[in-house]
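Residue numbers for the sequence shown, in numbering that gives the first Met the number 0: 0 to 188. Yeah, the Cβ is synthetic: ideal placement off N, Cα and C, and Gly gets one too.
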Amino acid sequence: MGDPRRQKKKYVTPKRPFETERFEQELKLIGSYGLRNKRELWKHKTALSNFRRQARNLLAIPPEERSQEEREIIAKLARYGILEQNATLDDVLDLELPDLLERRFQTIVFRKGLASSMYHARQLVTHGHIALDRAKVYAPSRIVTVGEEDRIDYHHKSPLNDESHPARLAASDAAQRMVGEPEEMEEEE
Numbered sequence: 000m001g002d003p004r005r006q007k008k009k010y011v012t013p014k015r016p017f018e019t020e021r022f023e024q025e026l027k028l029i030g031s032y033g034l035r036n037k038r039e040l041w042k043h044k045t046a047l048s049n050f051r052r053q054a055r056n057l058l059a060i061p062p063e064e065r066s067q068e069e070r071e072i073i074a075k076l077a078r079y080g081i082l083e084q085n086a087t088l089d090d091v092l093d094l095e096l097p098d099l100l101e102r103r104f105q106t107i108v109f110r111k112g113l114a115s116s117m118y119h120a121r122q123l124v125t126h127g128h129i130a131l132d133r134a135k136v137y138a139p140s141r142i143v144t145v146g147e148e149d150r151i152d153y154h155h156k157s158p159l160n161d162e163s164h165p166a167r168l169a170a171s172d173a174a175q176r177m178v179g180e181p182e183e184m185e186e187e188e
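Below, the structure written as structure tokens:
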């Protein structure tokens, strides 16, 4: 069977562990995207820095030699919905962390109105109530491609699949508040 591969860290920790400004930025992102801890944030930050490093390395190569690799990296980011198909390497360098966090499974579940909050979306995903193509997905940090985005819904065996489930009604109310649509109030006489 051979030797297993050596496991490597998927994230890089900050060089200066105690910086008040960075703490505040990280806490704001953790709260707004429903992340569990800073390690999750650092994983996405590292992935983003890897994309940006690839773009910087490609910009150092003459244009005629880098065209194929440039198309590949932009196509990958376009497939994930992070960039447009006609983007350039400069657009890759302009990417920010929220651009990547918006493509997480948990975030898309919340944005589609399937959950009442980011933390509720995380709970629904980890408990197996949300499916992608009728298959349960348990990873809230999964990056969703543009093609998969429309196929996210409640799992067909989940109790939340029922339209009249109380949690589902609360999620639809929260989605209306998020969009800013006023709720229709019926006057009782």
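Contact check, residue i vs residue j, beta carbons under 8 Å
i    : j    : result
F50  : L96  : no
H128 : S163 : no
L99  : I72  : no
R130 : D152 : Here the sequence assigns Ala to residue 130, which means Arg is not the residue at that position. Cβ atoms of A130 and D152: closer than 8 Å.
Y79  : R38  : no
L88  : L57  : yes
E25  : L40  : yes
V136 : R102 : no
Q67  : A77  : no
Own chain, CB closer than 7 Å to residue i, minus 5 neighbours either side, in chain order
i    : result
D196 : With the chain covering 0 to 188 only, the question about residue 196 has no answer from this structure.
A138 : F104
E185 : The pLDDT assigned to E185 is 39, lower than 50, so where the model puts this residue is not dependable; a value taken from the coordinates is nonetheless given after this. Nothing listed; no residue qualifies.
L47  : L94, L96, L99
E147 : L131
P13  : R21
Residue range of the beta strand (DSSP E) that includes residue i
i    : result
A190 : Any question about residue 190 goes unanswered here, given that the chain covers just 0 to 188.
Residue range of the unbroken alpha helix (DSSP H) whose run includes residue i
i    : result
I72  : 62-78
A120 : 117-125
A54  : 37-58
K27  : 19-32
D2   : First-last for D2: undefined, no H or E at that position.
Q84  : From DSSP, Q84 is part of no alpha helix (DSSP H); its letter is neither H nor E.
P97  : 96-100
V143 : Segment: none, V143 is in no alpha helix (DSSP H) and carries neither H nor E.
R110 : 104-110
Neighbourhood of residue i by C-beta, 8 Å cutoff - its chain only, sequence neighbours within 5 removed
i    : result
M117 : S31, Y32, G33, Q105, T106, F109
L28  : L34, L40, L96, P97, L100
H154 : G127, H128, I129, A130, R133, K135, N160
A86  : I73, L76, A77
6 Å Cβ shell around residue i - same chain, five flanking residues per side excluded
i    : result
S115 : A169, A170, A173
F17  : none
R167 : L159
R141 : F104
heavy atom of the ligand MG below 7 Å from residue i C-beta
i   : result
L94 : The ligand MG is not part of the structure shown, which contains no ligands of any sort.
Within the stretch 148-172, ranges of the beta strand (DSSP E) (whole runs, at least 3 residues) | 151-153
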